[in-house]
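Single-structure report; data block below.
Number of protein chains: 2
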Amino acid sequence: MAEEFKRIKRELVAKGHIIDYYHDTMQIPNGNVAVWDFIKHNGAAAMVAVRDDGKLLMVRQYRNALERETLEIPAGGLNGPDEPTDLAAARELEEETGYRCEHPEFLMSIRTTVAFCDEKIDIYVARNLIPSRQHLDEDEFINVEAYSVEELVEMIYEGKLQDSKTVGAILAYARKYGK
Amino acid sequence: MAEEFKRIKRELVAKGHIIDYYHDTMQIPNGNVAVWDFIKHNGAAAMVAVRDDGKLLMVRQYRNALERETLEIPAGGLNGPDEPTDLAAARELEEETGYRCEHPEFLMSIRTTVAFCDEKIDIYVARNLIPSRQHLDEDEFINVEAYSVEELVEMIYEGKLQDSKTVGAILAYARKYGK
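Residue numbers (the numbering used here), protein chains in the order written: chain A, 4 to 182; chain B, 4 to 182.
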């Protein structure tokens, strides 16, 4: 099936702050030609950070795209496409929450929105958190909170927690570790 | 916290096929001004389609953004921002798999990638599937497959199934219904 789609041309429409926007000219298997959207993203990493009492560290921040605050697991874009994602996840954990960790364990990878974007997020689990200090980016303003897995799962079904990496990560962690 | 961020300007950079790309000029709480990316999406709907034998209907299709095939739950964009998402999920199920359903049950909503995009996907569960016929869009080429929940969960941890709506939906369905 894959061989029948052919990309004839990829044109940069605009360079952005964290993404670039392209128009892809596609040859469709039925012979037609169509122009599809493509958003290029460098990739990201995220961390399920487990405190000794079993609660997870969560970050609350304002998201301009949704015009509201969200509750998410700590996460952020890679510092360039070659940054190892376990280091990036640990870096974002420390920057956003003020805790560091030594041996993040791989949980899974997700692709956020496959119809038009190549963004990949590698998600890890951190335990034995070590107090350090929060150091946010200039445009980051974040509150750190902690919840039990059961509380977070309830928030998912109640619609209070919708961010896809966070929904997937919490449910995948809960299932893997019997929470 | 939310009140301290202020959007000064939103400028359309380019109109796309399924998204529009904007530059948002933001006043940051520290007083700085920054230009952020914003991708506008009309929203989508997706269906966890459960056969009488408990297996879920999945669609395999080529995704240009990833340059490979993916395995996903049936899903698609809304026909305009006002289409009820339960009807959209049922429509996409029928178009993509050739099965229809009568009473889709709401499972949850996700936001695919909150750092730059407003895309929301409402996810439903369909049972008592009724054979109808597949009728794909002109540029859709899809294979329909069926897997047990256990097989799909395994694929998530093995990295064979990464699409965020699908990962979240399968784990949320599995937990809610004790699969």
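From the three backbone atoms N, C-alpha and C, an ideal C-beta is built for every residue, glycine too.
Helix, strand or coil, according to DSSP, for B:Lys-182 in the structure here?
coil
Could you have a look at A:Lys-168 and say whether DSSP puts it in helix, strand or coil?
helix
Backbone CA spacing between B:Glu-161 and A:Ile-22 [nearest angstrom]:
Going from the Cα of B:Glu-161 to the Cα of A:Ile-22 covers about 28 Å.
Since A:Glu-99 and A:Gln-137 are thought to touch, with beta carbons under 8 Å apart, how far apart are those beta carbons, to the nearest angstrom?
7 Å
Other residues of its chain near B:Val-152: CB distance less than 6 Å, five sequence neighbours each side excluded:
Ala-177, Lys-182
Do A:Gln-30 and B:Met-111 have their C-beta atoms within less than 9 Å of each other?
No Cβ-Cβ contact shorter than 9 Å links A:Gln-30 with B:Met-111.
Please return the same chain residues whose Cβ sits closer than 8 Å to the Cβ of B:Arg-10, not counting the five positions on each side in sequence.
Asp-27, Thr-28, Met-29, Gln-30
Partners in chain A for B:Met-111, counting only beta-carbon separations shorter than 8 Å
Residues of chain A passing the Cβ test: Ile-159, Tyr-160, Gly-162, Gln-165, Val-170.
So what does B:Met-111 bridge to, in DSSP terms?
B:Ile-126
Taking 8 Å as the threshold, find out whether the region 87-94 of chain A comes into contact with the region 38-51 of chain B through three or more Cβ pairs.
no
Taking 6 Å as the limit between beta carbons, can you name the residues of its chain near B:Glu-122, skipping five residues before and five after?
Around B:Glu-122: His-44, Thr-115.
Please name the residue, chosen from A:Asn-35, A:Ala-52, A:Ala-118, A:Asp-125, that lies closest to B:Gly-80 on a Cα-to-Cα basis.
A:Ala-118
Let me know the secondary structure DSSP gives A:Glu-70 once reduced to three states.
Looking at A:Glu-70 - three-state DSSP - the assignment turns out to be coil, as it is neither helix nor strand.
In the region 46-63 of chain B, which residues sit with their C-beta less than 7 Å from some C-beta in chain A, listed in chain order?
none
Using DSSP with H/G/I as helix, E/B as strand and the rest coil, what is A:Val-54?
Reading the sequence as shown, one finds Arg at residue 54 of chain A and not Val. In this structure, A:Arg-54 counts as coil in the three-state DSSP scheme.
By the criterion of Cβ-Cβ separation under 9 Å, what are the contact partners of A:Tyr-24 in chain B?
Val-16, Ala-17, Gly-19, Ile-22, Tyr-24, Asp-40, Ile-42
Identify, in the order they occur along the chain, each residue of the same chain with its Cβ nearer than 8 Å to the Cβ of A:Ser-135, setting aside the five sequence neighbours on each side.
Glu-97, Gly-101, Tyr-102, Arg-103
Counting only the same chain and skipping the five closest in sequence on each side, list residues whose C-beta sits under 8 Å from that of A:Val-156.
Ile-173, Leu-174, Ala-177
Do B:Ala-78 and B:Ala-47 count as a contact pair if the criterion is CB distance below 9 Å?
yes
Exposure of A:Arg-71, with buried meaning 16 or more beta-carbon neighbours within 10 Å
exposed
Rounded distance between the beta-carbons of B:Ala-49 and B:Ala-129, thought under 8 Å
About 11 Å; that fails the 8 Å criterion.
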